[in-house]
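Protein sequences appear in the order of chains S and V.
Position 7 of the first sequence, counted from 1, bears residue number 7 in the working numbering, the numbering being contiguous throughout.
Position 494 of the second sequence, counted from 1, bears residue number 1494 in the working numbering, the numbering being contiguous throughout.
The C-beta atom is built at its ideal place from N, Cα and C for all residues, glycine as well.
This report concerns only the one structure given below.
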Amino acid sequence: MKRFAAVFWSLLFLSVPVLGVATFIVGPAYDIWLPRDVSEHGAAVDGLFYFILALTGVVFIATEMVLFWFIWKYDESKSNGPGRYVHGSHTLEVVWTIIPAAVLLFLAIYQMNTWADVKMRRPNMTPTVEVVGRQFEWRLRYPGRDGMLGTPDDLHLVNDLHLPIDEDILIQLKSMDVLHSFFLPNVRIKQDAVPGMKIPVWFKAREEGVFDIVCAELCGWGHYKMKGRVTFEPREAFDRWLEQKYAEQEATQPSVSDVALASGALPQTNQFANNEP
Amino acid sequence: MSTVEPTSPVVQESSQTSVAPSHGHAVSTAGRLSTFLSTYVFSKDHKVIGLQFLFSTLLWFLVGGLLALAVRWQVAWPWSDVPVLGKLFAQQGGQMAPEFYTMLFTMHATVMIFLVIIPILAGAFGNFLIPLMIGADDMAFPTLNMLSYWFMWPAFFAFGASFFVEGGAASSGWTSYPTLATNVNSSPGSGWGQTLWLVGLTFVGVSSMLGSVNYMTTIILMRAPGMTMFRLPMTIWAMFITAVLQAFALPVLTAAGFMQLADRTIGTGFFSPEGNIVNNAMAGAGGGQPLLWQHLFWFYSHPAVYIMILPAMGMVSDILTTFARKPLFGYRPMVYSVAGIAGLGFIVWGHHMFMSGMNPALGVTFMVSTMMIALPSAVKTFNWLGTIWGGRIQLTTSMLFALSFVSMFIIGGLSGIFMAATPVDIFIHDTYFIVAHFHYVLFAGTAMGVWAAIYFWFPKMFGRTMNEFWGKVHFFLTFVFLNGTFFTMHILGAVGFPRRLADAYHYETFHHLQPLNAFMTYCAIGMVATQIIFAVNFFWSMFYGPVAGRNPWNANTLEWTAPSPPGHGNFDYQPVVYRGPYEYSVPGIEGDHLMQTDPPNRAAAAAAAAAH
């Protein structure tokens, strides 16, 4: 009876590595896994993810198996006699300190280049678009014909981001009110938007398509619905879209004098420009 | 070693108490009331204070668990009618409003961290065990100790009352990031709820600080004769280093809390930039930095992560040796790795801020230190495995929980490496991957360690043992359900499923994840329901469990030489310590272990007998 109990409990501990590995096999089979990556740097990020997964997977399986085996083998019902009177082993301590230390140090150095590519080596160019988080929408501002942000001919849009593929994109990320986080799951990009800061975000998209923009930093009650869409398209299509949007804005935007006559107030579209820090 | 006077202060004190009834029938109801109050309510006895902490935190554990279920309900079936609680939101037709959901997960984390994990480890077990395990009759400062418990009550009231103020309780996450938290107009919970949250946090901080000063002093000054620092059980080492961490990290959080309070109430601008407009309302003075709060907050809250795990590691080390009947493998490396975790713990806080807009070059230094802090954790894990290797393992309920602590901590430790790798963190930051990680460390780790400790020290606390059969049922169901709930979060995080979203299924990337979330919620419900078994076992055993002797587990440490439960003043004789705490399976002696108090002549006599 006691042996039966020991077998039962050790098998329960064996189920941890078995079901753990199974989860990581069954999940991807049901598409519960890394979403499609359309960016240039994403392969490096995912590669590092898989590398760490393999590394930690081996350690996970090995240590959990050892734990299972010790419970199985050294349970008192097996009556192996008294426990070993051992207080430790200097050699073992040195071995299992130095090996993990070397692996961790390697991992630390190995990843630096990818991090630098994504967050430190900013391309030398003017911003493609400015993205401003605001409860609970993404406000977008493209430089108009003059190619400069902050001039009267800027194009203002909300949540509908279009970007050209196969070229460097530089986004200037800001927030009007609280923290937000600009998360493009399919581009492996995430960056908090911080009130009072202009933070550059850059990447290069490789494939066409329409993808989610998710807010990944709690920004209030409507955090869950702060959703945008990003459309990656070839340069010509992007230019056409930009022209069309620009024409729409010019057509619907009343001139300052019209509105001032009608209501005595400044038009809404200018409010944002006035908030420039 | 000097000889010890047989008449310890303990004996004198108990003789005084026995004289007390000679005042006779003059004891009025008021007198009896004041005796009752000073014995059970405003007690200065470390054991009573420890139990007060234990009962309070277990009660809040229930509250936190129910909050978690409500969170899980919304994640699995967004906007569906909430069972039982639905009547509370009649104005929303029985559904949960998104602002209510943000409040739920904020308060779930707040309750679990500040009212459960930190006080149950340091407050309950720290208080109960420190004097008993070092051979002292009480804490160094009994009055401070009493105050450390009673300062929790204003916090209980502040957090509890915040649910009922206009706008509800705090809802800017347990991290309270400005400007969401500093600007009263930014969300419904950023009004009175957030102010009360800051008040509650301050009181919790005061309580922790009073405790930490007391623990350090007691451990340094009040050890029994012969109890050198390197004869201390791992539990005490962990409590000591935890107290040091608290003493150095907590003032920063307290100061930051007051700064945020000032931003909210008297219009300062520590954390708000100039011209900040939230919800069309102007923020305070401006000129501040939202990132400043994150630095100050994590300067405390990262060491706090270790405050929330180190004592559990210590207790598990003691339980593993007792039931493996083996000396702890590598006692000194274990002590050094706890110290190493604590030291490194002060220079890794920036890993919470890789995506925050902090200088990415600074992120690299935090990445390296974070990678290195995995090392002492790895050393500890290997030593635990070394401890049970070649043992004679007794699979009691307590041992099963302790073994599962090791098993689960491996998962929590390894998943941390993913977040420490900055490029991977870009993708998994603020997703369910991190939720999986910290639940593996804090629930599957610490909470399992706490259960191991409750089953282990219950006989010392109440003089009776808990029911083993129902204890094992409790263990089995908790273990299965917790893995069902939390392991699946890893693959959810791999999809990038963000945390803190009331409904993520309208995103194309996440719309197919609802069935998995429903499965996790079923497991979470099972996990909370399982705790009914624990609660019944706990209270039933308190009154009807089999009576335990002084040392039901044949353990070595000093608390097992005291009566169960120990009276006021703990020991009926002055314990004198002759050796370290892990002398199990000692060859050539009668029985298989030498307690710390067993005089050396016993060991010598046994050795001599064996030689003949």
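DSSP bridge partner residues for residue i (one or two, in chain order)
{"i": "CYS215 of chain S", "result": "S:PHE182"}
{"i": "SER39 of chain S", "result": "S:ALA205"}
{"i": "ASP75 of chain S", "result": "V:ILE1393"}
{"i": "PRO1154 of chain V", "result": "Answer is none; PRO1154 of chain V lacks a bridge partner."}
{"i": "SER1043 of chain V", "result": "DSSP lists no partner for SER1043 of chain V."}
{"i": "ARG1264 of chain V", "result": "Answer is none; ARG1264 of chain V lacks a bridge partner."}
{"i": "ASP160 of chain S", "result": "S:ARG229"}
{"i": "ILE1277 of chain V", "result": "V:MET1282"}
{"i": "HIS1593 of chain V", "result": "V:TYR1584"}
{"i": "LEU155 of chain S", "result": "S:TYR142"}
{"i": "VAL1547 of chain V", "result": "V:ARG1464"}
{"i": "PRO1498 of chain V", "result": "V:THR1431"}
Boundaries (first-last residue) of the alpha helix (DSSP H) holding residue i
{"i": "ARG229 of chain S", "result": "It is not in any alpha helix (DSSP H) - ARG229 of chain S instead sits in the beta strand (DSSP E) that spans 228–233."}
{"i": "GLU137 of chain S", "result": "Note, GLU137 of chain S: premise wrong, no alpha helix (DSSP H); beta strand (DSSP E) at 137–142."}
{"i": "ALA22 of chain S", "result": "2–29"}
{"i": "GLY1386 of chain V", "result": "1360–1388"}
{"i": "GLU1468 of chain V", "result": "1468–1494"}
{"i": "GLY1031 of chain V", "result": "1029–1036"}
{"i": "TYR1306 of chain V", "result": "1290–1307"}
{"i": "ALA278 of chain S", "result": "Beyond the ends of chain S as shown, which are 1 and 277, falls residue 278 of chain S; an answer cannot be given."}
{"i": "HIS1108 of chain V", "result": "1098–1110"}
{"i": "THR1422 of chain V", "result": "1422–1428"}
{"i": "MET1216 of chain V", "result": "1192–1221"}
{"i": "ASP1318 of chain V", "result": "1310–1324"}
{"i": "ILE1341 of chain V", "result": "1331–1345"}
{"i": "PRO1575 of chain V", "result": "Careful: PRO1575 of chain V lies outside any alpha helix (DSSP H) and carries neither H nor E."}
{"i": "LEU1513 of chain V", "result": "Taken as a continuous stretch (DSSP letters only), LEU1513 of chain V belongs to no alpha helix (DSSP H), as it is neither H nor E."}
Within 9 Å, strictly: CB atoms of residue i and residue j
{"i": "ASN1276 of chain V", "j": "LEU1210 of chain V", "result": "no"}
{"i": "PHE1114 of chain V", "j": "LEU1051 of chain V", "result": "no"}
{"i": "GLY42 of chain S", "j": "ARG188 of chain S", "result": "yes"}
{"i": "GLY1173 of chain V", "j": "THR1106 of chain V", "result": "yes"}
{"i": "ARG241 of chain S", "j": "GLU233 of chain S", "result": "This sequence places Trp at residue 241 of chain S; Arg is not what is there. For TRP241 of chain S and GLU233 of chain S, yes; Cβs fall inside 9 Å."}
{"i": "PHE1433 of chain V", "j": "MET1489 of chain V", "result": "yes"}
{"i": "LEU157 of chain S", "j": "GLN172 of chain S", "result": "no"}
{"i": "GLY1357 of chain V", "j": "GLN191 of chain S", "result": "yes"}
{"i": "LEU170 of chain S", "j": "ILE1417 of chain V", "result": "no"}
{"i": "GLY83 of chain S", "j": "ASN1383 of chain V", "result": "no"}
{"i": "ARG1325 of chain V", "j": "TYR1584 of chain V", "result": "yes"}
Residue closest to residue i, alpha-carbon to alpha-carbon, out of the options
{"i": "GLN1574 of chain V", "options": "V:VAL1338, V:ARG1223, V:MET1315 and V:ALA1247", "result": "V:ARG1223"}
{"i": "GLN1095 of chain V", "options": "V:GLY1580, V:ALA1502, V:VAL1116 and V:ASP1572", "result": "V:ALA1502"}
{"i": "ILE1307 of chain V", "options": "V:SER1369, V:ILE1347, V:VAL1041 and V:SER1212", "result": "V:SER1212"}
{"i": "LEU1362 of chain V", "options": "V:ILE1411, V:GLY1350 and V:VAL1206", "result": "V:GLY1350"}
{"i": "LYS1472 of chain V", "options": "S:THR114, S:VAL214, S:TRP9 and S:ARG3", "result": "S:TRP9"}
{"i": "PHE4 of chain S", "options": "V:LEU1395, V:THR1110 and V:MET1367", "result": "V:LEU1395"}
{"i": "GLY1135 of chain V", "options": "V:MET1595, V:ASN1601 and V:PRO1600", "result": "V:MET1595"}
{"i": "GLU1559 of chain V", "options": "V:GLY1167, V:PHE1458 and V:GLY1496", "result": "V:PHE1458"}
{"i": "VAL1244 of chain V", "options": "V:MET1542, V:GLY1189, V:ILE1341 and V:LEU1291", "result": "V:ILE1341"}
{"i": "ARG134 of chain S", "options": "S:GLY81, S:SER77, S:CYS219 and S:PRO164", "result": "S:CYS219"}
{"i": "VAL132 of chain S", "options": "S:ASP37, S:TYR74 and S:MET176", "result": "S:MET176"}
{"i": "LEU1221 of chain V", "options": "V:PHE1405, V:PRO1131 and V:ALA1529", "result": "V:PRO1131"}
{"i": "PHE1271 of chain V", "options": "V:SER1187, V:VAL1338, V:MET1313 and V:PRO1178", "result": "V:PRO1178"}
{"i": "GLY1093 of chain V", "options": "V:VAL1441, V:THR1465 and V:TRP1079", "result": "V:TRP1079"}
{"i": "TRP1060 of chain V", "options": "V:ASP1137, V:PHE1159, V:TYR1505 and V:SER1407", "result": "V:PHE1159"}
{"i": "PRO1327 of chain V", "options": "V:GLY1267, V:TYR1215, V:ILE1347 and V:ILE1388", "result": "V:ILE1388"}
{"i": "LEU1320 of chain V", "options": "V:TYR1331, V:LEU1403 and V:GLN1260", "result": "V:LEU1403"}
Boundaries (first-last residue) of the beta strand (DSSP E) holding residue i
{"i": "ARG1072 of chain V", "result": "Where ARG1072 of chain V is concerned, there is no enclosing beta strand (DSSP E), although the alpha helix (DSSP H) it sits in stretches over 1046–1076."}
{"i": "GLN191 of chain S", "result": "189–193"}
{"i": "LEU173 of chain S", "result": "169–175"}
{"i": "ARG134 of chain S", "result": "129–134"}
### Query
Along the stretch 1358–1384 of chain V, what residues have a CB closer than 8 Å to any CB found in chain S?
Taking 8 Å as the cut-off between beta carbons, the residues of the stretch 1358–1384 of chain V near chain S are PRO1360, ALA1361, GLY1363, VAL1364, MET1367, VAL1368, MET1371, MET1372, ALA1374, LEU1375, ALA1378, VAL1379, THR1381, PHE1382 and ASN1383, in sequence order.
### Query
Which of the residues in the stretch 20–40 of chain S, read from start to end, lie with their CB under 7 Å from any CB of chain V?
If the cut-off is 7 Å between Cβ atoms, the stretch 20–40 of chain S has GLY20, THR23, PHE24, GLY27, ASP31, ILE32, TRP33, LEU34 and PRO35 near chain V.
### Message
So if I threshold CB-CB distances at 9 Å, which residues from the stretch 176–198 of chain S count as touching chain V?
### Response
So the close ones are MET176, ASP177, VAL178, LEU179, SER181, PHE183, PRO185, ASN186, ARG188, ILE189, LYS190, GLN191, ASP192, ALA193, VAL194, PRO195, GLY196 and MET197.
### Task
Quick one: which residues of the stretch 48–74 of chain S get their C-beta closer than 7 Å to a C-beta of chain V? List them in chain order.
When C-beta distances to chain V are compared with 7 Å, the residues of the stretch 48–74 of chain S below that value are LEU48, PHE49, ILE52, THR56, VAL59, PHE60, THR63, GLU64, VAL66, LEU67, PHE70, ILE71 and TYR74, in chain order.
### Message
Taking beta-carbon pairs under 7 Å, can you tell me which members of the stretch 203–223 of chain S lie near chain V?
### Response
Answer set for the stretch 203–223 of chain S: ASP212, VAL214, ALA216, GLU217, LEU218, CYS219, GLY220, TRP221, GLY222 and HIS223.
### Task
Using a Cβ-Cβ cut-off of less than 9 Å, list which residues of the stretch 1415–1426 of chain V approach chain S; keep chain order.
Only SER1415, ILE1417, PHE1418, ALA1420, ALA1421, THR1422, PRO1423, VAL1424, ASP1425 and ILE1426 from the stretch 1415–1426 of chain V bring a Cβ to less than 9 Å from some Cβ of chain S.
### Query
Just by C-beta distance, which residues in the stretch 1579–1592 of chain V are closer than 9 Å to chain S?
The residues in question are GLY1580, TYR1582, GLU1583, TYR1584, SER1585, VAL1586, PRO1587 and ASP1592.
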